[in-house]
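Have a look at the structure below before the remarks.
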Amino acid sequence: MNKPVNIAVEDLEEPLTYPVEAFLSRDYAAEEADRLWSKVWQVAGRVEEIPQVGDYITYEIGEESILIVRDGPDSIKAYHNVCPHRGRRLVDVPEGANRGCGKKKNFVCGFHGWTFGLAGKNTYVLDPQDWKGALTEKRTSLNAIKADSWGGWIFVNMDPECGSLRDYLEPAAGILDPFQFEKMRYKWRQWVIYDCNWKTALEAFMEPYHVAGTHPQLLEYGEYYAYSAAYGLHGVSGFDERDASKKTKESSSITRAGKGADARISTYELQNEIYQTVNNASTTETLVNAAKRLVDELPEGTPPQEVIKHWLASAKADDAARGVEWPTITPEQMGRAGLAWNIFPNTAILQGVTFALCYRTRPYGDDPNKCIFESYAIERFPEGQEPKTEWVYAEATAENWGSVLAQDFSNMACVQKGMKSRGFRGPLPNPHQERKVTNFHRNLARYMGRGSPRLLDRE
Numbered sequence: 000m001n002k003p004v005n006i007a008v009e010d011l012e013e014p015l016t017y018p019v020e021a022f023l024s025r026d027y028a029a030e031e032a033d034r035l036w037s038k039v040w041q042v043a044g045r046v047e048e049i050p051q052v053g054d055y056i057t058y059e060i061g062e063e064s065i066l067i068v069r070d071g072p073d074s075i076k077a078y079h080n081v082c083p084h085r086g087r088r089l090v091d092v093p094e095g096a097n098r099g100c101g102k103k104k105n106f107v108c109g110f111h112g113w114t115f116g117l118a119g120k121n122t123y124v125l126d127p128q129d130w131k132g133a134l135t136e137k138r139t140s141l142n143a144i145k146a147d148s149w150g151g152w153i154f155v156n157m158d159p160e161c162g163s164l165r166d167y168l169e170p171a172a173g174i175l176d177p178f179q180f181e182k183m184r185y186k187w188r189q190w191v192i193y194d195c196n197w198k199t200a201l202e203a204f205m206e207p208y209h210v211a212g213t214h215p216q217l218l219e220y221g222e223y224y225a226y227s228a229a230y231g232l233h234g235v236s237g238f239d240e241r242d243a244s245k246k247t248k249e250s251s252s253i254t255r256a257g258k259g260a261d262a263r264i265s266t267y268e269l270q271n272e273i274y275q276t277v278n279n280a281s282t283t284e285t286l287v288n289a290a291k292r293l294v295d296e297l298p299e300g301t302p303p304q305e306v307i308k309h310w311l312a313s314a315k316a317d318d319a320a321r322g323v324e325w326p327t328i329t330p331e332q333m334g335r336a337g338l339a340w341n342i343f344p345n346t347a348i349l350q351g352v353t354f355a356l357c358y359r360t361r362p363y364g365d366d367p368n369k370c371i372f373e374s375y376a377i378e379r380f381p382e383g384q385e386p387k388t389e390w391v392y393a394e395a396t397a398e399n400w401g402s403v404l405a406q407d408f409s410n411m412a413c414v415q416k417g418m419k420s421r422g423f424r425g426p427l428p429n430p431h432q433e434r435k436v437t438n439f440h441r442n443l444a445r446y447m448g449r450g451s452p453r454l455l456d457r458e
């Protein structure tokens, strides 16, 4: 990894700027393939997508296609999706699809019929004698890629010398382990090819500082002052209080009282608004319904902390009655976990006790002005009652994504265009509320060898 001159993590607390080459340069986008994507652990799918031996999916990142297969009851393998004979892809991605998927006993190249078992070993070559003994097992096997899982996500890394996934994810993994994401299942999943860089799209979801300008309707229901913090490669944001005396252990997360004198009413209004406008995600129907009953179950004047305690206990009981178990998460753990994480480089997780709303962004070929944007909701369901989902291509409209995500889309392409202006002097991220963004660029510069944020001069 390159080690350019870079700022210290402590400098993220100060006013900064950073260059926009990372968003606009075609050369930079091309270099990402070698310097970034070939070196990092990245989310390639969910374990639930390949439950049976022989199930497989592909993951496309730039020009690379990765084949991920369950080769045993407790084993998942990943390979470069290419035949070692003449370079034909083993699994084709159907036109207009998010990825290839299916179930096979072996993989047969569609060009000359070379065949490979689930463990990546070649099992058939037509006329092998013609190679005069040169076809060794190493030359004819699929090229393996590191694969591992955490929280129900499958991660891959193309660097044969990479460290462990767990080391890469810390300290984020340790902070988020109590949520047991591996027990959640897809609720829905959508994707779109969009007119902005993958980083422009990802950064639209890295902080709540944009709520007042982008989602003003939400201000009626809750306060959105936020903090943002760096945790190594990764970063977290959460709700904050301008008045420190109003902070509670849980108040940084989504499970918080709404804005209003009567916390019973405002908590329901906030939860219902989120559920209705964020595509039935970022909370659950159970939590919304339990919040709706607060006015009937608690007297007027109940302190906000007591309202939250009662609401969560009521929702937990409702879920237990339908077969959904809540993990044990202390208020301290909930507070430390905050609201939303960036898992470097390209995954965002907005978590709750029984749910998460997630985003993943990827380059679209070598075009720095386009990306693949994906969003999906995962949730705990009663055993065997999780919905059957597939990746659905959805144009960026409120009808397809909900009004809040549509408002975010309205910014992304315009930011991409605006950064090209000769009149744009460079970003001015909020040192308290957008530190997750500057930490992302600090780490991106470590891989790319340039583009580190720099302190602003005090004029």
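In numbering that gives the first Met the number 0, the protein residues as written are 0 to 458. Where is the CB? At the ideal position from N, CA and C, for every residue including glycine.
{"Item": "Any chance the stretch 84-92 sits against the stretch 368-383, with 3 or more Cβ pairs inside 8 Å?", "Value": "no"}
{"Item": "Roughly how many whole angstroms lie between the Cα atoms of Glu378 and Leu286?", "Value": "12 Å"}
{"Item": "So Tyr363 packs on Ile371, CB below 8 Å; how close in whole Å?", "Value": "6 Å"}
{"Item": "Give the straight-line distance between the Cα atoms of Ala225 and Ala29, rounded to the nearest whole angstrom.", "Value": "35 Å"}
{"Item": "Identify, in the order they occur along the chain, each residue of the same chain with its Cβ nearer than 8 Å to the Cβ of Pro367, setting aside the five sequence neighbours on each side.", "Value": "Phe22, Leu23, Ser24, Arg25, Tyr27, Ala28, Asn196"}
{"Item": "Which value, in whole angstroms, describes the spacing of the CA atoms of Lys291 and Gln275?", "Value": "14 Å"}
{"Item": "Closest to Ala77 by C-alpha separation, out of Lys145, Ile273, Gly422, would be which residue?", "Value": "Lys145"}
{"Item": "Which residues does DSSP list as the beta-bridge partners of Asn459?", "Value": "Residue 459 lies beyond the residue range present for the chain, which begins at 0 and ends at 458; the question has no answer from this structure."}
{"Item": "Over the uninterrupted beta strand (DSSP E) stretch that includes Glu59, give me the two end residues.", "Value": "54-60"}
{"Item": "Do the stretch 196-213 and the stretch 403-410 touch if we need at least three Cβ pairs shorter than 8 Å?", "Value": "yes"}
{"Item": "Measuring only the C-alpha atoms, how far is Phe115 from Lys419?", "Value": "48 Å"}
{"Item": "Rank Leu427, Asp70, Pro177, Pro127 by C-alpha distance to the C-alpha of Lys102 and give the top, closest one.", "Value": "Asp70"}
{"Item": "Could you give the distance in angstroms between the alpha-carbon of Asn279 and the alpha-carbon of Met333?", "Value": "22 Å"}
{"Item": "Counting beta carbon pairs with one atom in the stretch 320-340 and one in the stretch 155-165, are three or more of them shorter than 8 Å?", "Value": "no"}
{"Item": "Quick check on His111: buried or exposed, where buried means 16 or more other Cβ atoms within 10 Å of its Cβ?", "Value": "exposed"}
{"Item": "With respect to the beta strand (DSSP E) encompassing Asn368, which residues constitute its N-terminal and C-terminal limits?", "Value": "366-378"}
{"Item": "Just to confirm the assignment: which complete alpha helix (DSSP H) runs, minimum length 4, are found wholly within the stretch 283-329?", "Value": "284-291, 293-296, 303-320"}
{"Item": "Determine the closest residue to Ala347 out of Thr353, Val436, Pro452, Val52, with distance taken between C-alpha atoms.", "Value": "Val436"}
{"Item": "Using the C-alpha atoms, what's the distance from Ala228 back to Glu13?", "Value": "13 Å"}
{"Item": "Out of Ala376, Met157, Ala412, point me to the one whose CA is closest to Thr33's CA.", "Value": "The sequence given here has Asp at residue 33, not Thr. Nearest of Ala376, Met157, Ala412 to Asp33, Cα basis: Met157."}
{"Item": "So which of Asp317, Ser281, Pro298 has the shortest CA-CA distance to Ala289?", "Value": "Asp317"}
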